[in-house]
Amino acid sequence: MSLYHTAQSIEASALGQTIRESTWLFPAIESTHLLALALLGGSVLILSLSVLGIGLKTAPAELYKSAHRYMNGAVIMLLITGILLGVSEPVKLYGRQAFWVKMISLALALALTYLAFNPLIRRGASGIGMRSVTALTMAAWLMVAMSGRWIGFS
Amino acid sequence: MIEGLVTKLAETPWSIGLHESLYMYAITESTHVMSIMLFVGTIAMVDLRLLGVSYTKVPVSQMLSRMLPWTIAGFVLLVITGGMLFLAIPVRTYHSLWFRLKCLMILIAAINIAVFTFKVEADKAKWDLGRVPRNSKICALVSLSAWACVIVFGRLIAYNWFDCDSINSEVLAQITGCPLDPG
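Protein sequence lines, in the order shown, are assigned to chains X and P.
Just so you know, the numbering used here puts 534 at position 126 of the first sequence, and the rest follows in order with no gaps.
Just so you know, the numbering used here puts 434 at position 3 of the second sequence, and the rest follows in order with no gaps.
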């Protein structure tokens, strides 16, 4: 079965239909997606700005003890609401370039965050390498947010 | 009077240009959404500190002074892009129920900031690393709820459920300033 056919059968699913046919469901999920985006932004920024020396003077590893809960919570909420939004209109998404740009930058942002940024912060890393990883991670998440909003326009 | 002003605004070349441009409107709205991460994101982290639930090893005074420049940067971006979004669709936005509720929430958040700045944080030296007082927690909760509402109501402006042409109740006509359809 091709990817396009998979998108068609997801679109025909009961869950997809329920979200699509409801007046309030899609906007409610979308709003929750945005609230989680703000939380993700805050938790990534409080760590990044501290690493870059332009935020809190507290060590990033100390801030991480609080920030990682909000970061993980936001990522889980974003994935759940994002999947629900996608399930309601997968055929439309399949044809939109912005959607694929978002999925690629999302994979990159998740990999950078959980395989490089977070482990390095826990270890108390600093220096030019750590700053570069931080800048890349921030850029990747910005790309995800930007291309995400762009899906609605393309 | 505002009605006339908004109608005039809609006829300006700036408004028509933004409204009809292929990319400018989308770029503006995407920047508006990204700036939420900076503005509400930093506010949420500060509020979590003021609630006393997180970042408890960071002095309150440092949390406020070191994060505020970023919150202000986010605010400037949001006001510029928000102003442009209003300029692009002035009449519909002016009458939008969600836009009006969003403005009300911004007003509540602003009053809350004033109360915090002039009353609550005045003696923050006493609780910089100690137990957070109750009125600080209340301010943080009001802030978190108000800004969350601003995000949600802002997103809902895009939906036409309560546009002037579908208003059919006296109360809604009053709130939105729409003429009540005689038919």
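Just so you know, even glycine gets a beta-carbon here, dropped at the ideal spot from N, CA and C.
Are the stretch 449–461 of chain X and the stretch 420–438 of chain X touching by the rule of at least three beta carbon pairs closer than 8 Å? In short, these stretches do not touch, since the Cβ pair count stays below three.
Check whether I588/P and F506/P have beta carbons under 8 Å apart: For I588/P and F506/P, no; Cβs fall outside 8 Å.
Within the same chain, show all residues whose beta-carbon is closer than 7 Å to that of Q416/X, passing over the 5 residues directly before and after it, in chain order. Within its own chain, the residues whose Cβ lies closer than 7 Å to the Cβ of Q416/X, once the five positions on either side in sequence are excluded, are V499, listed in chain order.
Measure the C-alpha to C-alpha separation of S466/P and I474/P and round it to an integer number of angstroms. Going from the Cα of S466/P to the Cα of I474/P covers about 12 Å.
Taking one C-beta from the stretch 456–464 of chain P and one from the stretch 547–559 of chain X each time, how about it: are there three or more such pairs within less than 8 Å? Cβ pair count under 8 Å is three or more, so yes.
Taking Cβ positions, are V546/P and C580/P nearer each other than 8 Å? It is not a contact, given that the beta carbons lie outside the stated cut-off.
So L513/X and A548/X are in contact, right, with Cβ under 8 Å, and what is the actual spacing, rounded? Contrary to the premise, residue 513/X reads as Ser rather than Leu in this sequence. Right, the Cβ-Cβ distance comes to about 6 Å (below 8 Å), so this counts as a contact.
Ignoring anything shorter than 4 residues, give me the alpha helix (DSSP H) runs that lie fully in the stretch 481–539 of chain P, in order along the chain. Fully enclosed alpha helix (DSSP H) runs of 4 or longer: 491–519, 521–526.
Is F549/P near T502/P, with beta carbons less than 8 Å apart? Their beta carbons are not under 8 Å apart, which means F549/P does not touch T502/P by this criterion.
Does any residue of chain X bring its CB to less than 8 Å from the CB of A457/P? Output row for A457/P: interface = yes.
Using CA atoms only, rank isn't needed, just tell me which of L493/X, E429/X, L457/X is closest to T545/X. Per the Cα distances, L457/X.
Can you tell me whether DSSP reads G537/X as helix, strand or coil? Reduced to three states, the DSSP call for G537/X is helix.
Within-8 Å CB hit, L528/P to chain X: Chain X, which has no Cβ nearer than 8 Å to the Cβ of L528/P, makes this no.
Can you tell which of G535/X, L487/X, H413/X has the C-alpha that lies nearest to the C-alpha of A517/X? For A517/X, the nearest C-alpha among the options comes from L487/X.
Spatial neighbours of D559/P within its chain, please: C-beta separation below 7 Å, excluding the five flanking residues on both sides. Only P490, V491, S492 meet the Cβ criterion.
Taking C-beta pairs closer than 7 Å, name the residues in chain X that M515/P reaches, listed in chain order. Per Cβ cutoff of 7 Å: no residues; M515/P is ~15 Å from chain X at best.
Which residues in chain X have a C-beta closer than 9 Å to the C-beta of Y486/P? List them in chain order. Ordered by position in chain X, the residues that pass the 9 Å Cβ test against Y486/P are I454, L464, T466, E470, L471, K473, S474, A475.
Cβ contact (3+ pairs, closer than 8 Å) linking the stretch 523–543 of chain X and the stretch 440–450 of chain P: With the cut-off at 8 Å, the stretch 523–543 of chain X and the stretch 440–450 of chain P do not touch.
Run through chain X and tell me which residues come within less than 7 Å of S461/P, C-beta to C-beta. M554, R557, W558, listed in chain order.
Is any beta-carbon of chain P found at less than 8 Å from that of F525/X? Judged by the 8 Å Cβ criterion, F525/X is not in contact with chain P.
Determine the direct distance from the alpha carbon of I454/X to that of G481/X, and round the result to whole angstroms. Cα to Cα, the separation comes out at about 16 Å.
What separation, rounded to the nearest whole angstrom, lies between the Cα atoms of P610/P and E442/P? Going from the Cα of P610/P to the Cα of E442/P covers about 21 Å.
Give the residues of chain X in contact with I520/P, contact being defined as C-beta atoms less than 7 Å apart. Within chain X, no residue has its CB atom less than 7 Å from the CB of I520/P, the nearest being about 14 Å off.
Looking at the structure shown, is S474/X part of a helix, part of a strand, or coil, going by DSSP? Of the three classes helix, strand and coil, the one that applies to S474/X here is helix, per DSSP.
According to DSSP, simplified to helix, strand and coil, what is T443/P? Judged by DSSP in its simplified three-state form, T443/P adopts coil rather than helix or strand.
Rounded to a whole number of angstroms, what is the C-alpha to C-alpha distance between L572/P and D478/P? If you take the alpha carbons of L572/P and D478/P, they lie about 7 Å apart.
Tell me whether W549/X, by its Cβ, gets closer than 7 Å to a heavy atom of the ligand GDP. The ligand GDP is absent from the structure shown, which contains no ligands of any kind.
Here's the rule: buried if 16 or more other CB atoms are within 10 angstroms of the residue's CB, otherwise exposed. What is P396/P? This structure does not reach residue 396/P, given that chain P is present from 432 up to 614, and the question cannot be answered.
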